[in-house]
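**Student:** In my numbering, the protein residues as written are 372 to 1349. C-beta: ideal position from N, C-alpha, C; glycine also.
1. Between residue 1220 and the rest of its own chain, which residues show a CB-CB distance below 6 Å, the 5 nearest in sequence each way excluded?
2. Name the two residues that bound the continuous beta strand (DSSP E) containing residue 336.
3. Return the residue from the list 1319, 1103, 1341 that minimises the CA-CA distance to residue 643.
4. Tell me the rounded alpha-carbon separation between residue 844 and residue 740.
5. Leaving out the 5 sequence neighbours to the left and right, which residues in its chain are closer than 6 Å to residue 459 when beta-carbon positions are compared?
6. Pull up the distance between the alpha-carbon of residue 1115 and that of residue 1268, whole angstroms please.
7. Helix, strand or coil for residue 1343, going by three-state DSSP, please let me know.
8. Quick one, which of 1111, 1207, 1177 has its alpha-carbon nearest residue 1118's?
9. I need the boundaries of the beta strand (DSSP E) containing residue 851, first residue and last residue.
10. Does any CB atom of chain D fall closer than 8 Å to the CB of residue 1053?
11. Which residue comes first and which comes last in the alpha helix (DSSP H) that contains residue 1053?
12. Taking C-beta to C-beta, are residue 1075 and residue 1129 nearer than 8 Å?
13. What residue from 747, 989, 1339, 917 has the CA that sits closest to residue 962's CA?
14. Would you identify the three-state DSSP class for residue 1129, choosing helix, strand or coil?
15. Specify the secondary structure class of residue 1319 as computed by DSSP and reduced to three states.
16. Looking at the secondary structure, which residues open and close the beta strand (DSSP E) in which residue 706 lies?
17. Look up residue 1175 in the DSSP assignment and give the residues it is bridged to.
18. For residue 1021, which residues in the same chain have their Cβ closer than 6 Å to its Cβ, ignoring the five residues on either side in sequence?
19. According to DSSP, simplified to helix, strand and coil, what is residue 565?
20. Suppose only complete runs of 4+ residues qualify. What are the alpha helix (DSSP H) ranges in the region 799 to 860, listed by chain order?
21. With a threshold of 8 Å on Cβ separation, who are the neighbours of residue 672 within its own chain once the five nearest residues in sequence on each side are excluded?
22. Express the C-alpha separation of residue 1229 and residue 1049 in angstroms, rounding to a whole number.
23. Where residue 846 and residue 1148 are concerned, what is the direct C-alpha to C-alpha distance, given to the nearest angstrom?
24. Considering only residues of the same chain and omitting the five flanking positions on each side of residue 984, which have a CB-CB separation below 6 Å?
25. Evaluate residue 734 with the Cβ neighbour count: other Cβ atoms within 10 Å of its Cβ, from every protein chain shown; 16 or more gives buried, anything less gives exposed.
26. Buried or exposed for residue 1103, going by 16 or more other Cβ atoms inside 10 Å?
27. Give me the Cα-Cα distance between residue 908 and residue 600, rounded to the nearest whole angstrom.
28. Kindly confirm or deny that the region 616 to 625 and the region 692 to 701 touch, where touching means at least three C-beta pairs closer than 8 Å.
29. Between the Cα of residue 1111 and the Cα atoms of 424, 1140, 486, which residue gives the shortest distance?
30. Quick one: Cα of residue 731 to Cα of residue 885, how far?
31. Check whether the Cβ atoms of residue 1019 and residue 1079 sit closer than 8 Å, and answer yes or no.
32. So the alpha helix (DSSP H) residue 484 belongs to, where does it begin and stop?
33. Quick one: Cα of residue 705 to Cα of residue 814, how far?
34. In whole angstroms, give me the CA-to-CA distance for residue 864 and residue 948.
35. Do residue 785 and residue 736 have their CB atoms nearer than 8 Å?
36. Three-state secondary structure (DSSP) at residue 761?
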């Protein structure tokens, strides 16, 4: 498609969006009621319970006083989604979090992050009850075949649902009383044209293999089956489901934008293929002796000769990395309820998931940062190497310590694979009923258990490698000294002194898998009474509906236990365990003040309060809310709310093990000509002798110490919303809502970002930031096991975000041409402000991406869907427009928290992106519907960024949770109800 055609195409749909007047998550069916009232599902109607997310009061005509976005089951099918997090990530209120495109560092889960405040600050519910322990939330547990709708309330809801609901709640409403059989099958794949000539030329110039021009990969298969049966004259129902999903991986080598890791060129005007100094030839940094201060490398010809290291020896870490993880998931479960009498209905549910995902990254190495020891009479060294390393001690039993960066991939390239397996159970049960007119009760219990098992494969055991490096000659045979002295009879000599010199036996010896295991449990016991006091005369003199009231109690217990085997512990992983409980009382009051009066169609007040007593906290915690709704006439409704929300530290934040991990960063004190002065570097622990000899962090990846902190205190959040809902009678089937939101979180639980620690220390000399450096005492580095930056959990400063949500829906029925519908949702971001520590200033990431700010936070995002349905309601055709606004590189700002001190023309901005998705449905026969679609219809490439500008879920030279990386994807499916 030519550029002017694309512009014309975009303009047409921009007009469509304006006609639709902003809005709804491309998620609802036509008509104004869904966003406005979130009507009960069929299962709710059957059991006479009402589910309105954001309140526990039950009244059939109740509407939401909070901004509410609804994603319907039809939207999930039109997107061809096999994972619900990808549907939610398209909403402008949501920023991508853990997802299928995260490989290096993935935990295998799928999560949702409202308002870019973190996935730990929104609560995920199923039919109004918690899904799983918040630190172990995983949307993979949700059976998509039974999803009727997803309610997204963005704004504090702690008074209603308890801790964790600072930025809002995501409530999955599942069908629980199916009467028949529902089957669904879907298959899809990616079909991408690699035609980014600029990226291809960079890869070719570096001598690497380019991706094939046309690729077909990322196959997805999803099978779902549900069956239900009413019994006892409709007083009871049993519904069961089963699901299977298989996702094939996508390699970064199969996309021209990710076939190598991009770095800036020498003058930062363009990109080149970068890579890691932990290379395939073998890098050596003696820590003392005649070779100290020089970095050596084995020559490429395979001879045992050391040359001076240069960038031409870097290893391309990209090709074997997964751009999309492989995944296999089984789900099963069921729901049952039986009405013994109107006063007692028993109900229960069970949900099970076994999900196994593999992440894959570049092969393991003898990593720089680990200190290795080589004896000077090692027979595997050449004389040139031995004299360079040991000098006059060559040939003696003296030893020399050094850093080694060596990926032994020649003839035996084994990518590291992380086998991530989650086995989840969730069981609920309870009794509910009506004990008097308008008075209902609900007493229930929930138990959930998340078992996480990880098997990290093809990783080198540094301890074995170190033993394999200490070799002596025994009767002409190179033999490990640990074999000679009997400390490790199985040791095999490790020949790292030439390219491709390692034997198969040595490979088998140094590659050792590690195993970790985590168990999270949650128990919730809850009971409440809900009263509609209309029939008791507790009614305002100017209203027809009476006061609504809810009183309830809740008790929750959580436990965490994390275990690691001896190999994992040797690499810095530590074990942990902990537990806490909380007891709560809560109440909510709804007061209809005015109804059906001139200029007062309705005026309603709502208030809620919750008191929480945490075993992990010294004092009780209060949360509360106040809401108002005013409709002068039926056509317009005004609403506003204030919520004081809290989030007590979750069990992982309190008790997670502390360990050292990789972070994207670079050390200003590294290199022979450091960027920072000696005086600045000394503030971080550098000695005068180390200055000018400190090694750079490999692949711009330094180390940080992260983990739990049992002394954390709760976060406090204040949320204000005010808005209006238009449903004009003169324009049937039209709705428009506009809501302003303002959320501020104080004492937020986080760690000081490593990039911020580095920039602030060198910009200000602040002893707090400089004190977070823990340099390797011997080498001065901040990578490896001895050098790192402290980044453990603590109560930091504040988070603040504000903006406007615009939600609209309109449909136009015609007699002969069918129905034309528009649905659109958009969010304008006013601010996204972080105060890292109290009193030290703040920075605003609105419209920015990059170091410190992380993923792009555009000023405007929207999603708009145009749908045509034929007059006979047999078929439909739907076009969706996803728009992600322009963002700028954060380091180019003049904000002292963000700036790098110099302007970078390279990657200075990411342009606005528009994606178009086309889908259609066809009713084959009654109850059987065929669907097919194409996402990313124009096969648009994601933005290409240097790896130094990727933070928080950056991968493959881009941000794959925000932008499409697979390219054009096709899907076909069929669903049947009988």
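**Tutor:** Working from what's here:
1. The residues are 1227, 1258.
2. Any property of residue 336 remains undetermined from this structure, which presents the chain solely from 372 to 1349.
3. Sorting 1319, 1103, 1341 by C-alpha distance to the C-alpha of residue 643 places 1319 at the top.
4. Within the model, the alpha-carbon separation for residue 844 versus residue 740 is close to 28 Å.
5. Hits under 6 Å: 465, 483.
6. Near 20 Å, if we compare the C-alpha coordinates of residue 1268 and residue 1115.
7. Three-state DSSP puts residue 1343 in a strand.
8. Residue 1207 is the option with its Cα nearest to residue 1118.
9. Judged by DSSP secondary structure, residue 851 falls within the beta strand (DSSP E) whose first and last residues are 848 to 851.
10. Structure shown: chain D not included; a single protein chain is present.
11. First-last of the alpha helix (DSSP H) with residue 1053: 1049 to 1053.
12. Result no, Cβ atoms of residue 1075 and residue 1129 do not sit closer than 8 Å.
13. Closest by C-alpha distance to residue 962, out of 747, 989, 1339, 917, is 917.
14. Note: residue 1129 maps to helix in three-state DSSP.
15. DSSP places residue 1319 in helix when its eight states are reduced to three.
16. From DSSP, the beta strand (DSSP E) with residue 706 extends over 697 to 712.
17. By DSSP's assignment, residue 1175 forms a beta bridge with 1111, 1199.
18. These residues qualify, in order along the chain: 505, 506.
19. Coil at residue 565, not helix or strand.
20. Entirely contained in the region 799 to 860, the alpha helix (DSSP H) runs reaching 4 residues are, in chain order, 833 to 840, 852 to 855.
21. Its chain contains 870 as the residues whose beta carbon lies nearer than 8 Å to that of residue 672, once the 5 sequence neighbours on both sides are disregarded; these appear in chain order.
22. In this structure, the straight-line span from the alpha carbon of residue 1049 to that of residue 1229 is close to 39 Å.
23. Between the alpha carbons of residue 846 and residue 1148 lies a distance of about 40 Å.
24. Cβ neighbours of residue 984 beyond the five flanking positions: 954, 991.
25. By the neighbour-count rule (16 or more Cβ atoms within 10 Å), residue 734 is buried.
26. Per the 10 Å Cβ criterion, exposed.
27. Each residue's Cα considered, the two are about 40 Å apart.
28. Touching, yes.
29. The shortest C-alpha to C-alpha distance from residue 1111 to any of 424, 1140, 486 is the one to 486.
30. Whole-angstrom Cα-Cα distance: 15 Å.
31. Cβ atoms of residue 1019 and residue 1079: not closer than 8 Å.
32. The continuous stretches of alpha helix (DSSP H) do not include residue 484, which lies in the beta strand (DSSP E) extending over residues 483 to 485.
33. Their backbone Cα atoms lie some 20 Å apart in a straight line.
34. In this structure, the CA atom of residue 864 is about 39 Å from the CA atom of residue 948.
35. Result no, Cβ atoms of residue 785 and residue 736 do not sit closer than 8 Å.
36. In the structure shown, the three-state DSSP call for residue 761 is helix.
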